[in-house]
Structure formats: C-alpha cells, structure tokens
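For the first sequence, the numbering used here gives the first residue as 11, with consecutive numbering after it.
Glycine included, every Cβ here is placed at the ideal spot set by N, Cα and C.
Note that this is a predicted model, so its numbers are computed, not measured.
Accompanying notes for the structure given below.
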Amino acid sequence: MSDSPPPTLKVASWNINSVRIRMDSIERFVADEAPDILCLQETKVVDKDFPAGLFRSLGYSHQILHGMPMYHGVAILSKLPMREATRNDWQDNGEARHVGVLLDFGLRIENVYIPAGGDVPDRTVNPKFGQKLDFVERMTRWAEDLRQPTLIVGDFNIAPLECDVWSHKQLLDVVSHTPVEIEALTRFQASHDWVDLGRQFVPAPERLFTWWSYRSNDWTKNDRGRRLDHMWASPDVAKTAIAHKAHEPCRGWLRPSDHVPIVTEFNL
DNA sequence: ATGGCTGGTAGAACCAGA
C-alpha cells in the first residue's frame, strides 16, 4: 500500500432502487451511520441527472458514476479520494452493473449488481437465468487474476446459505436460492478466497437478511427476508474488519427501498 | 399467501425487480 490508510474506514452498500426518489432515506441513513464510502446499486439514472450536489452537501465530494437509462446503474460516493475507475460488463450487453475504484492507500473497492435472473430457474426456457450464471462465471475468471487487497460489495442476488432465507425448503426452486446459483457463487468465492464479512460477524445459523419483498403488507410479519446483499473481502482485508451489520430500520422508513444497507467498519 | 407492490417512462392490455 502506498499512502497510509485512515485509522478506520466505514463502507456501506445499498441497493437503493432509484437514487432520486430515495434521497430522504439516504440523508437519514448517512446521519445514522456516516459511512466514508457508500456503494449504490439500481440507481436508475443517467450520470448527467445523478443528484451529485446532494451527495456533495453530505460530504461525498468524490463520485464515480456508472448509470444508464431506466434500469440498473451503480455508483460509488466517497469522502476519500478515489481513482482508476473500472467498468466490467460481464454480460457484454451494455448494462451498467459494475464499477471499481482504487483508494490512495491501495485498497480496491468493487461495486457489483448481479442480474436478478428472471422467474424460472432453467436457462433453456429463461435466458435471463443463463445470463445470471454466465455473469457470475465471468466474474470468477476476473477474480482469479486479482492481486491487490480488494473489497467487493453489492447486490449479488443470491442467498447462499440455508439461514440466508426465511425458508430453505420453500425457496430451493426460487431464483436467488437454487443449488446451481449457489454452486456458481461458491466457485466465485474460491477464486480469490473471498471472506464473507456478513457471516464473519453473524455466523450461521443465525438469521441475517437484507431484502424483504414489497408485496407483503407488513414486511415484519413472518419476516420473509433473504440475504441478497454482500460484502466479501480479500483474506488480509477481512482480518481488519471490526464490525458488520444490516441496517434493518431503513426498511421501515417512508417509501423504502426493498433492500437495506449493509455496513462494515475496518481498522486498517 | 412468490405475488398481493414499487419503480421508470410513457401516457400501457408496459417492463423489470427477485
């Protein structure tokens, strides 16, 4: 690492489901948690319309945007300088699903939005499911060549463990928790010996969810959540993590995203 | 009780999310 790192670093990741209509929630979350770096997915805005001024007023003067019209879109907002933004298109279809940056002290932060994969977990009848699996496989090839300390965060759209969903048995055939997806994600994990920070701090079989469907009248009733959002770190980076949580209160705020932010603090 | 909702964009008998 070149420059010396700050004493502590707090990183948050949040599938925001439209950044423009979620600024009140973002201000409230920033007041609660004050992350140094905020990685967003599903910003749903082209870069020229991104609410850059609002984030600047909250202290996030360093902004790396990768948006597109209507769908997807990722962004990294930071209080610390960032450089060398990379964009990978692991489906080769132009969708804005990844952006990566390098911090001055040598840590890479990679922000990814893995495709949801459609309804039917069979690539022969549902091309979106095949695209999701292929996306993860290409990410795996990419990660095999990573040599720098890296933190990869985002909406992986896969809940790998039995305790990552409200009912393992009832979700076995539901896209996000099928064995073939979990096998693909397991290969990705092995490609860089990624450490799952969520489970480093909340070990299985404890409940840990980051998403609850909009379709329930009361998201707290029956607690039908899934852990779709993740932060995975290079082994050396994982050793510096001192706290991790899913910020569940956000799901109960006015006009919430269906995902809640996840937050990890590091003592570098 | 896995769609019963929520977005963007168009102005939908839409598409997508997961």
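Mind the definition here: the region 24–34 touches the region 48–68 only if three or more C-beta pairs lie below 8 Å; say whether that holds. yes
Check: To which residues does DSSP link W222 through a beta bridge?
Finding: Stepping through the first sequence from its first residue, residue 222 is reached at position 212. The partner list for W222 (beta bridge, DSSP) reads G235.
| Under the rule that 16 or more other beta-carbon atoms within 10 Å means buried, what is L264, buried or exposed? | Sequence index remark: in the first sequence, residue 264 carries index 254 (1-based). The residue in question, L264, is exposed, as its Cβ has fewer than 16 Cβ neighbours within 10 Å.
field: S223, buried or exposed, once every other Cβ within 10 Å from all chains shown has been counted against 16
entry: Here residue 223 corresponds to residue number 213 of the first sequence, with the count starting at 1. By the 10 Å Cβ count, S223 comes out exposed.
Would you call the CB atoms of P45 and H72 closer than 8 Å? Stepping through the first sequence from its first residue, residue 45 is reached at position 35. Stepping through the first sequence from its first residue, residue 72 is reached at position 62. The answer is no: Cβ separation not under 8 Å.
key: Among G116, Y81, D114 and L113, nearest to P125 - alpha-carbon criterion   = Taking the first sequence and counting its residues from 1, the one referred to as residue 125 is at position 115. The shortest Cα separation from P125 among G116, Y81, D114 and L113 belongs to Y81.
| For H269, which option in H178, F219, V247 and K249 has the closest C-alpha, if you only look at C-alpha atoms? | Here residue 269 is taken as the residue at index 259 of the first sequence, counted from 1. The shortest Cα separation from H269 among H178, F219, V247 and K249 belongs to F219.
My guess is that G77 and V56 are in contact by the Cβ rule of under 8 Å, so how many angstroms apart are they, rounded? The residue given as residue 77 occupies position 67 in the first sequence. The residue given as residue 56 occupies position 46 in the first sequence. Rounded, the Cβ-Cβ distance is 5 Å, consistent with contact.
CB-CB under 7 Å to R148, same chain, minus the five flanking residues each way: which ones, in chain order? The residue labelled residue 148 in the question sits at position 138 within the first sequence. W100, listed in sequence order.
request  = Drop a sphere of 10 angstroms on the beta-carbon of R217, count the other beta-carbons inside from all chains shown, and report buried for 16 or more, exposed for fewer.
outcome  = In the first sequence, residue 217 corresponds to position 207, counting from 1. Exposed, since its Cβ has fewer than 16 Cβ neighbours within 10 Å.
Practice item. Answer with buried or exposed for E52, where buried requires no fewer than 16 other C-beta atoms within 10 angstroms of its C-beta. Key: Translated into the one-based positions of the first sequence, residue 52 becomes position 42. The residue in question, E52, is buried, as its Cβ has 16 or more Cβ neighbours within 10 Å.
**Report entry** Alpha-carbon spacing of K231 relative to E172, whole angstroms
**Finding:** Position 221 of the first sequence, counted from the first residue, corresponds to residue 231. Position 162 of the first sequence, counted from the first residue, corresponds to residue 172. The alpha-carbon atoms of K231 and E172 are separated by roughly 20 Å.
Roughly how many angstroms lie between the CA atoms of D206 and W176, to the nearest whole one?
Sequence index remark: in the first sequence, residue 206 carries index 196 (1-based). Sequence index remark: in the first sequence, residue 176 carries index 166 (1-based). Rounded to whole angstroms, D206 to W176 spans 19 Å at the Cα level.
Quick check on the DSSP output: what are the complete alpha helix (DSSP H) runs of length 4 or more inside the region 44–97, in order along the chain? 62–67
- Task: Keeping to the same chain, check which residues put their C-beta closer than 6 Å to that of P170; ignore five residues upstream and five downstream.
- Result: Residue mapping note: residue 170 aligns to position 160 of the first sequence, counting from 1. Result list for P170: I192 and L195, in chain order.
Is it right to say L182 is buried, meaning 16 or more other beta carbons lie within 10 angstroms of its own, or is it exposed?
Position 172 of the first sequence, counted from the first residue, corresponds to residue 182. Counting Cβ neighbours within 10 Å, L182 comes out exposed, since fewer than 16 surround it.
Going by the DSSP bridge assignment, what does W152 pair with across the sheet? The residue you call residue 152 lines up with position 142 of the first sequence. Paired residue(s): none; W152 is not in a bridge.
In terms of DSSP beta bridges, what is G110 paired with? As a position in the first sequence, residue 110 is number 100, starting the count at 1. According to DSSP, G110 bridges with T96 and E120.
Review point. What is the rounded straight-line gap between the Cα of L50 and the Cα of R234?
Key: Mapped onto the first sequence, residue 50 falls at position 40. Mapped onto the first sequence, residue 234 falls at position 224. In a straight line, the C-alpha of L50 is about 23 Å away from that of R234.
Point to revise | Through-space distance from E120 to D42, alpha-carbon basis | key: The sequence position of residue 42 within the first sequence is 32, counting from 1. The sequence position of residue 120 within the first sequence is 110, counting from 1. Rounded to the nearest angstrom, the two C-alpha atoms are 24 Å apart.
Pull the bridge partners of W242 from the DSSP assignment, please.
By 1-based counting over the first sequence, the position of residue 242 is 232. Looking at the DSSP assignment, W242 forms a beta bridge with I162 and D206.
Check: For G69, which residues of its own chain have a beta-carbon under 6 Å away from its beta-carbon, when the five flanking residues on both sides are left out?
Finding: Position 59 of the first sequence, counted from the first residue, corresponds to residue 69. K89, listed in sequence order.
Burial state of A200, where buried means 16 or more other Cβ atoms lie within 10 Å
Locating residue 200 in the first sequence gives position 190, counting from the first residue. A200 should be labelled exposed.
Taking DSSP as the reference, what is the three-state secondary structure of H187?
Counting from 1 along the first sequence, the entry for residue 187 is found at position 177. Of the three classes helix, strand and coil, the one that applies to H187 here is coil, per DSSP.
- Return yes when the Cβ of S267 is within less than 8 Å of the Cβ of N103, no when it is not. Taking the first residue of the first sequence as 1, we reach residue 103 at position 93. Taking the first residue of the first sequence as 1, we reach residue 267 at position 257. No; because the gap between Cβ atoms is not below 8 Å, this pair is not in contact.
**Item:** Cβ-based neighbour list, K142, same chain, cut-off 6 Å, excluding 5 preceding and 5 following
**Value:** In the first sequence, the residue the question calls residue 142 occupies position 132. P125 and G127.
I need the boundaries of the alpha helix (DSSP H) containing K179, first residue and last residue.
The residue given as residue 179 occupies position 169 in the first sequence. Residues H178 to L181.
**Item:** Rounded separation between H108 and V130 - CA only
**Value:** Within the first sequence, residue 108 is the residue found at index 98, counting from 1. Within the first sequence, residue 130 is the residue found at index 120, counting from 1. When rounded, the distance between both Cα atoms is 24 Å.
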